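Asks: Dropping a structure here in structure tokens format, bear with me for questions.
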Amino acid sequence: MKTRLSLLALDGANGERIEILEQSDTTLVIRWVEPGRCHYGEQRWRRRSAHTSGTCAVTRRKIRRGDAVFKPAERPAPLNASVMIAAEVFGSLATAE
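Counting along the sequence shown from 1, when you hit position 54 you're at 45 in this note's numbering, and nothing is skipped either side.
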């Protein structure tokens, strides 16, 4: 079930501007703006298990291999392909709506 959000904007931990345009349990459509590096107007992200450890782009919390995350799902791989956002970030946003 898709949810159309009224343009929810988040600030990334490294200065990125992240706007959630659509959200479902397994997919996000995000506007991603990273000054001086990349801008994606409507980028599809999918929920998956983290293949490697890393850091959440929003909360800066550690992500362990196997944690539920959202990652860009486009091909060819975009410049922000290695970025992960912990799925729990969007779970709490969905319950707040």
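Ideal placement from N, C-alpha and C gives every residue a C-beta, glycine not left out.
Quantities reported herein were computed from a predicted structural model and do not represent experimental measurements.
To the nearest angstrom, report how far apart PRO63 and ARG39 are at their CA atoms.
Replies: For the purposes of this step, residue 63 is taken as the residue at position 72 of the sequence shown. For the purposes of this step, residue 39 is taken as the residue at position 48 of the sequence shown. Cα to Cα, the separation comes out at about 10 Å.
Asks: Reducing DSSP to helix, strand and coil, say where ALA78 ends up.
Replies: Here residue 78 refers to the residue found at position 87 when the sequence shown is read from its first residue. Under the three-state reduction of DSSP, ALA78 is assigned to helix.
Asks: Evaluate contact between the segment 44 to 57 and the segment 25 to 35, counting only Cβ atoms and requiring at least three cross-stretch pairs below 8 Å.
Replies: no
Asks: Kindly give me the distance between the Cβ atoms of ALA78 and ALA59, rounded to whole angstroms, as I take these residues to be in contact under 8 Å.
Replies: Taking the first residue of the sequence shown as 1, we reach residue 78 at position 87. Taking the first residue of the sequence shown as 1, we reach residue 59 at position 68. Yes, they are in contact, since the Cβ atoms of ALA78 and ALA59 sit about 4 Å apart, within 8 Å.
Asks: What does a CB cutoff of less than 8 Å around ARG52 pick up in its chain, not counting 5 residues either side in sequence?
Replies: Start at 1 with the first residue of the sequence shown, and residue 52 comes out as number 61. The answer, listed in chain order, is THR46, ALA77.
Asks: Identify whether ARG35 lies in helix, strand or coil by the three-state DSSP scheme.
Replies: Looking up residue 35 in the sequence shown gives position 44. It is a strand residue.
Asks: Quick one: measure Cβ to Cβ for VAL24 and LEU12, integer angstroms, because I've assumed they're closer than 8 Å.
Replies: Within the sequence shown, the letter at position 33 stands for residue 24. Within the sequence shown, the letter at position 21 stands for residue 12. Not confirmed; about 13 Å, so no contact.
Asks: From ILE54 to VAL74, what distance separates their C-alpha atoms?
Replies: Numbered from 1 along the sequence shown, position 63 holds the residue referred to as residue 54. Numbered from 1 along the sequence shown, position 83 holds the residue referred to as residue 74. The alpha-carbon atoms of ILE54 and VAL74 are separated by roughly 11 Å.
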